[in-house]
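What follows is a short report on a single structure.
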Amino acid sequence: MEDRWLSVDEIGEYLGVKRDTVYRWISERAMPAHRIGRLWKFKRGEVDDWVRNGGASEGSKTDA
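When we follow UniProt numbering, the leftmost residue of the sequence shown carries the number 1, and every step to the right adds one.
Put into structure tokens, the structure is as follows:
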């Protein structure tokens, strides 16, 4: 698969969560995201590493 920037909706679909959860993870759990103007963009590999390292786990700061 090509290595392209993903939108909030695309990364939410990829992870199986709603867009509100993605925004909460950016602000509360340091989800790897890059702001481009008004938009948040994501690299799949960075998000995969973050998930593997426990960034999305329920034991982190707040529950999703």
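From the three backbone atoms N, C-alpha and C, an ideal C-beta is built for every residue, glycine too.
Should R19 and A56 be called a contact, given that it needs their Cβ atoms to be closer than 9 Å? Cβ distance not < 9 Å, so R19 and A56 don't count as in contact.
What does R35 pair with, by DSSP beta-bridge criteria? According to DSSP, residue pairing for R35 in a beta bridge involves W40.
Proximity to G12 [Cα-Cα], best of R38, V22, W5, R4: V22
Per DSSP, W5 forms a beta bridge with which residues? K43
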